[in-house]
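In what follows, a structure is listed as structure tokens, so that the remarks can point back to it.
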Amino acid sequence: MRKMFLFVIAATVMAGTAAYAHHSYSATYDVSQQVTLEGKLVQFVFKNPHSFVTVQAPDQKGVMQRWSVEWSGTGQLTNQGVTRETLKPGDEVVVLGNPSRVRGEYKALMVSLKRPADGFTWGGRTGEAVD
Amino acid sequence: MHKANRIPAAGLVLAAAMLGDALVFAQLDGSGPGRAPAPPDIAQEWRLDNNERDTFGQAPLGDYTGIPFNDAGRMRSDTTPESIWGTLEYQCRPHSAPHQWRGLGGAKILKEQDPITRDVSVYHVQFMRSLDRPIFMDGRPHPPAWAPHTWTGFSTGEWIGNTLKVTTTHLKDGFLRRGSPQTTDMYAMTEFITRHDDILTIVTVIDDPIYLDQPYIHSTTYTVASGTSLTAEQCNGSFAENGGTDRHWVPHFLPGENSALTEWLVKGDPRSTVGPENWVPLEAARGGVKTIYPEYRSTLNGKVSINTLTVPALRSMVSPDKVIAAQSPRDGQVHVLPVQGNVYMLVADGTNITVSVGPEGVALVNTGAPQMSDKILAAVDQLARTVVASPATNRCFGATCPGVWSWSSPYINTIISSPAPARSIRSIVNTSGAPDHVGGNERLAKVGSGFRAGGLDGAVANVEGAPVVAHENVLSRLSAPAGKQAPTPAGSWPTVTYFDEFYKLPTTFNGEGVVVYHEPAANTDGDSIVLFRRSEVISAGDIFSTISYPVIDIAKGGSVQGVISGLNHILDLAFAEYRSQGGTWIVPGHGRLSDTADVASYRNMIVMIRDRVQDLMEKGRTLEQVKAARPSLDFDGRYGSSTGPWTTDMFIEAVYRSLQEKQ
Numbered sequence: 001m002r003k004m005f006l007f008v009i010a011a012t013v014m015a016g017t018a019a020y021a022h023h024s025y026s027a028t029y030d031v032s033q034q035v036t037l038e039g040k041l042v043q044f045v046f047k048n049p050h051s052f053v054t055v056q057a058p059d060q061k062g063v064m065q066r067w068s069v070e071w072s073g074t075g076q077l078t079n080q081g082v083t084r085e086t087l088k089p090g091d092e093v094v095v096l097g098n099p100s101r102v103r104g105e106y107k108a109l110m111v112s113l114k115r116p117a118d119g120f121t122w123g124g125r126t127g128e129a130v131d
Numbered sequence: 132m133h134k135a136n137r138i139p140a141a142g143l144v145l146a147a148a149m150l151g152d153a154l155v156f157a158q159l160d161g162s163g164p165g166r167a168p169a170p171p172d173i174a175q176e177w178r179l180d181n182n183e184r185d186t187f188g189q190a191p192l193g194d195y196t197g198i199p200f201n202d203a204g205r206m207r208s209d210t211t212p213e214s215i216w217g218t219l220e221y222q223c224r225p226h227s228a229p230h231q232w233r234g235l236g237g238a239k240i241l242k243e244q245d246p247i248t249r250d251v252s253v254y255h256v257q258f259m260r261s262l263d264r265p266i267f268m269d270g271r272p273h274p275p276a277w278a279p280h281t282w283t284g285f286s287t288g289e290w291i292g293n294t295l296k297v298t299t300t301h302l303k304d305g306f307l308r309r310g311s312p313q314t315t316d317m318y319a320m321t322e323f324i325t326r327h328d329d330i331l332t333i334v335t336v337i338d339d340p341i342y343l344d345q346p347y348i349h350s351t352t353y354t355v356a357s358g359t360s361l362t363a364e365q366c367n368g369s370f371a372e373n374g375g376t377d378r379h380w381v382p383h384f385l386p387g388e389n390s391a392l393t394e395w396l397v398k399g400d401p402r403s404t405v406g407p408e409n410w411v412p413l414e415a416a417r418g419g420v421k422t423i424y425p426e427y428r429s430t431l432n433g434k435v436s437i438n439t440l441t442v443p444a445l446r447s448m449v450s451p452d453k454v455i456a457a458q459s460p461r462d463g464q465v466h467v468l469p470v471q472g473n474v475y476m477l478v479a480d481g482t483n484i485t486v487s488v489g490p491e492g493v494a495l496v497n498t499g500a501p502q503m504s505d506k507i508l509a510a511v512d513q514l515a516r517t518v519v520a521s522p523a524t525n526r527c528f529g530a531t532c533p534g535v536w537s538w539s540s541p542y543i544n545t546i547i548s549s550p551a552p553a554r555s556i557r558s559i560v561n562t563s564g565a566p567d568h569v570g571g572n573e574r575l576a577k578v579g580s581g582f583r584a585g586g587l588d589g590a591v592a593n594v595e596g597a598p599v600v601a602h603e604n605v606l607s608r609l610s611a612p613a614g615k616q617a618p619t620p621a622g623s624w625p626t627v628t629y630f631d632e633f634y635k636l637p638t639t640f641n642g643e644g645v646v647v648y649h650e651p652a653a654n655t656d657g658d659s660i661v662l663f664r665r666s667e668v669i670s671a672g673d674i675f676s677t678i679s680y681p682v683i684d685i686a687k688g689g690s691v692q693g694v695i696s697g698l699n700h701i702l703d704l705a706f707a708e709y710r711s712q713g714g715t716w717i718v719p720g721h722g723r724l725s726d727t728a729d730v731a732s733y734r735n736m737i738v739m740i741r742d743r744v745q746d747l748m749e750k751g752r753t754l755e756q757v758k759a760a761r762p763s764l765d766f767d768g769r770y771g772s773s774t775g776p777w778t779t780d781m782f783i784e785a786v787y788r789s790l791q792e793k794q
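Here's what the structure looks like:
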């Protein structure tokens, strides 16, 4: 029981460490706005403190852009069933994200991701939020 | 023995015993006659306990409460977005020094002891996201102002009773606390570290005379956590996290564009349970020295105007003008700073000269002002003798010396004779035609010996002196067609020019390749930077300065875009050693030795000012209106000037004209 208690504390501290990495999400992204990106996944970087998905998708003017979508760290994603092997370059994906607060910046905070080809989805279920 | 006499005897014994104990204890705790009690030991592991503000999170955007910001600090913070941390040059930066004690993950303090006295000579403080931070306790002075700045700065400590007072200088620019409040690289930091049993209290005084009207003070508390391990977070940032395809992207808000500054007052944080904090007056939320004293309360009922309010503000201990000028002293002297590998930086009466010294001789990047030539030559000669020609100590005797075929020690000559003469100046590179960079060309090239002529008999003849390399536009600017008056004497002109993207010195020099890159349309049309490939040093010329805005001569083909491109090129060529610090060293034309982080900050500043001027021009503002709008307000205290040969107005005009020509 004591070991379990210590484990819970350790897990809490580690989760906190990842969550309080360099920058804050609400400071970086406008979480009151959303942007939908439909395009091809270029790379998936599964890392701490945050993972990143790069998607080639058009902007509001229809110009193709290279979008960087910030996702959770490896621990949180692993607990939600997402691994390094989950996404592959070339996957057609639909990403819903909160845009950057900076005008002209092609980055977003992951809200949800869908891969229509096999029905994979992330976001919306309990706990599936970047934290 | 009489009873009456036994009591004093017993008392004497007791007193002697107590005195003995006192002596023993005095020895144990380090005190004693003429010696102060030993200070408490702080070297161990510590766990972050709390602080008065942001222990478990980040203050909302635009929350400057309690910060004695002036207009410049507020403007810089308003326009610097959190996205800056996604750029390549920022991803691996540690927390800035003011926030370092507050970063999660605890702290570990180690100590070095003097082996003879056993006094603590250095404390080393480590955090999860930090580099080693030494605090020197041995009384050494702080480095000169032209030495590099780092994330942790240069710290010295002294005990005042039970409190360790730590004074830190040479800090890079950063942030006061997480979120957007910024600092310049001119701030000094004083910490008062006090141990009370298992509690460690750190009171930090941040004194940034550019952005603050008085020092900003905060405190942090730690508790003992003996035996716990300190996590080391390795930086694995390696690609642009900000999206897009521009690796030189500099995210920033134009003045007035950041709509998030009052969100916390009006809407609260949508990602937390914190609702709107509309009870905080906007005036106080925006910070300012008058809002941090109790007297501010008298303004809340509207009867007293904040403009007429007086508060007992503390004074800054840092004189920015003096500190900036000290980075590039115009003192008629030559100061030598070892850089890395073969390379040294000479600070010659306010102008930097980069020197490569080695077995093949001396190469100079720039030659300083003409009146400094004798002192520069003396400094170079002494440097060359010290580095290359100094006698080696005797490490063997006679036949025991490896590779010696006789009984004569190779070291004996170093004892019985004077050292060999230093090798001469073999080549000179000019990064531009600026008078303070080419002024010594004639004198220094003449005493050099780059080319030799003849066969065996002529092999030692110094025919032409040292070659002077520059972009051909420099030669064009310094010379004149036959029959016309040249602006400089022929003896000071470059003798080897190039017209292409770069020029490589014909052979390796002192064991390394030296590449001269042209930076088109930067300060002028003839600017170069010089890369020492093995020493990992870039001599940047006037494209980069730590004491002023870049001098852009539109009439000679300069442009703000060219300066930005040149700075980006430096960033492309250079590497950071660890956590965006060190690695490739960059010698500016004027000012302190720098690294990629410093160049990135300077580049960011120029981009921000360019975009602000561009925005004003797009809104139809005239040059005078642009100047009046003060688009560089947040950087003027650091890099601007209202007098002298290069004023803020001249810089803004150069930016304006550059963008006008671009259109």
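In order, the protein sequences belong to chains A and B.
Residue numbers for the first sequence follow this note's numbering, beginning at 1 and rising by one.
Residue numbers for the second sequence follow this note's numbering, beginning at 132 and rising by one.
Backbone N, C-alpha and C define an ideal beta-carbon position, used for all residues, glycine too.
Next item on the list: Return the chain-ordered list of same chain residues with a C-beta closer than 6 Å to the C-beta of residue 797 (chain B), the five sequence neighbours on each side being excluded.
Entry: Residue 797 (chain B) is absent from the model: chain B starts at 132 and stops at 794.
Check: Quick one: is residue 51 (chain A) near chain B, going by C-beta distance under 8 Å?
Finding: no
Practice item. Check each candidate in B:344, B:660 and B:618 and name the one with the smallest Cα separation from residue 444 (chain B). Key: B:344
Q | Alpha carbon of residue 510 (chain B) to alpha carbon of residue 679 (chain B), nearest angstrom | A | 26 Å
Identify which residue in B:741, B:250 and B:563 has its Cα closest to the Cα of residue 684 (chain B).
B:563
- Does the beta-carbon distance from residue 418 (chain B) to residue 640 (chain B) come in below 8 Å? In this structure, residue 640 (chain B) does not lie closer than 8 Å to residue 418 (chain B) by Cβ.
- Give a yes or no on whether the minimum CB-CB distance between residue 101 (chain A) and chain B is below 8 Å. yes
To the nearest angstrom, how far is it from the Cα of residue 591 (chain B) to the Cα of residue 555 (chain B)?
Any reading at residue 591 (chain B) must be qualified, since the residue scores a pLDDT of 49, below 50, and its modelled position is unreliable; the value itself is stated next. Spanning the two alpha carbons is a distance of roughly 13 Å.
(message) Please report whether the beta-carbon of residue 189 (chain B) lies at a distance below 8 Å from any beta-carbon of chain A.
(response) yes
In whole angstroms, what separates the C-alpha of residue 159 (chain B) from that of residue 168 (chain B)? Below a pLDDT of 50, predicted positions are generally treated as unreliable, and residue 159 (chain B), at 45, falls in that range; the measurement from the model is reported next regardless. If I take the Cα positions, the gap works out to 10 Å.
Excluding the five sequence neighbours on either side, which residues of its own chain have a C-beta within less than 6 Å of the C-beta of residue 604 (chain B), listed in chain order? Contacts found: 656 and 657.
Using three-state DSSP, classify residue 672 (chain B) as helix, strand or coil.
-> strand
Next item on the list: Measuring alpha carbon to alpha carbon, tell me which of B:405, B:701, B:436 and B:377 ends up nearest residue 66 (chain A).
Entry: B:377
message: Taking the beta carbon of residue 527 (chain B) as the centre, do at least 16 other beta carbons fall within 10 Å, making it buried, or is it exposed?
response: exposed
### Message
If we define contact as Cβ-Cβ less than 8 Å, is residue 72 (chain A) a contact residue for chain B?
### Response
Not one chain B Cβ lies under 8 Å of residue 72 (chain A).
Q) What residue from B:620, B:221, B:256 and B:631 has the CA that sits closest to residue 238 (chain B)'s CA? A) Residue 238 (chain B) has its Cα closest to that of B:256, out of B:620, B:221, B:256 and B:631.
Check: Going by DSSP, what residues sit across from residue 708 (chain B) in a beta bridge?
Finding: Per DSSP, none; premise fails for residue 708 (chain B).
Could you tell me whether the stretch 215 to 222 of chain B touches the stretch 435 to 452 of chain B, using the rule of 3 or more Cβ pairs below 8 Å? no
**Prompt:** At a Cβ cut of 8 Å, what residues of the stretch 494 to 521 of chain B count as close to chain A, listed as they run along the chain?
**Reply:** none
Candidates B:281, B:373 and B:786: closest to residue 106 (chain A) by CA position
B:373
Using only the alpha-carbon positions, how far apart do residue 252 (chain B) and residue 172 (chain B) sit? 13 Å
**Prompt:** Going straight from the alpha carbon of residue 94 (chain A) to that of residue 384 (chain B), what length do you get?
**Reply:** If you take the alpha carbons of residue 94 (chain A) and residue 384 (chain B), they lie about 29 Å apart.
- Item | Residue(s) in a DSSP beta bridge with residue 110 (chain A) | According to DSSP, which records beta bridges pairwise, residue 110 (chain A) is partnered with A:97.
Cutoff 8 Å: residue 373 (chain B) Cβ touching any chain A Cβ:
yes
| task | Could you name the residues of the same chain whose beta carbon sits closer than 7 Å to that of residue 712 (chain B), not counting the 5 residues immediately before and after it, in chain order? | result | Answer for residue 712 (chain B): 262, 281, 282, 726 and 728, listed in chain order.
For chain A, check one thing: does any of its Cβ atoms lie closer than 8 Å to the Cβ of residue 386 (chain B)? Taking Cβ atoms only, chain A never reaches closer than 8 Å to residue 386 (chain B), which makes this a no.
With a threshold of 6 Å on Cβ separation, who are the neighbours of residue 577 (chain B) within its own chain once the five nearest residues in sequence on each side are excluded?
Cβ within range, chain order: 596.
is_contact[residue 404 (chain B), chain A] using C-beta, thresh 8 Å: Not a single C-beta of chain A is nearer than 8 Å to the C-beta of residue 404 (chain B).
Going by DSSP, name the residue or residues bridged to residue 68 (chain A).
Beta-bridge pairing links residue 68 (chain A) to A:54 and A:107.
Practice task
Enumerate in chain order the residues of its own chain whose CB-to-CB distance from residue 723 (chain B) is below 6 Å, with the five nearest sequence positions on each side excluded.
Solution key: Once the five neighbours on either side are set aside, the close Cβ partners of residue 723 (chain B) are 277, 458 and 677.
Review point. Apart from the five residues just before and just after residue 397 (chain B), which ones in its own chain have a Cβ nearer than 7 Å to its Cβ?
Key: 407 and 409
Enumerate in chain order the residues of its own chain whose CB-to-CB distance from residue 739 (chain B) is below 6 Å, with the five nearest sequence positions on each side excluded. 383
| request: May I ask you to report which of helix, strand or coil DSSP gives residue 774 (chain B)? | output: coil
- Task: Could you tell me whether the Cβ of residue 112 (chain A) comes closer than 8 Å to any Cβ of chain B?
- Result: no
Span of the beta strand (DSSP E) holding residue 558 (chain B)? 556 to 560
query: Nearest to residue 211 (chain B) by alpha carbon, out of B:325, B:196, B:299 and B:388?
result: Restricting attention to B:325, B:196, B:299 and B:388, the CA atom closest to the CA of residue 211 (chain B) is found in B:388.
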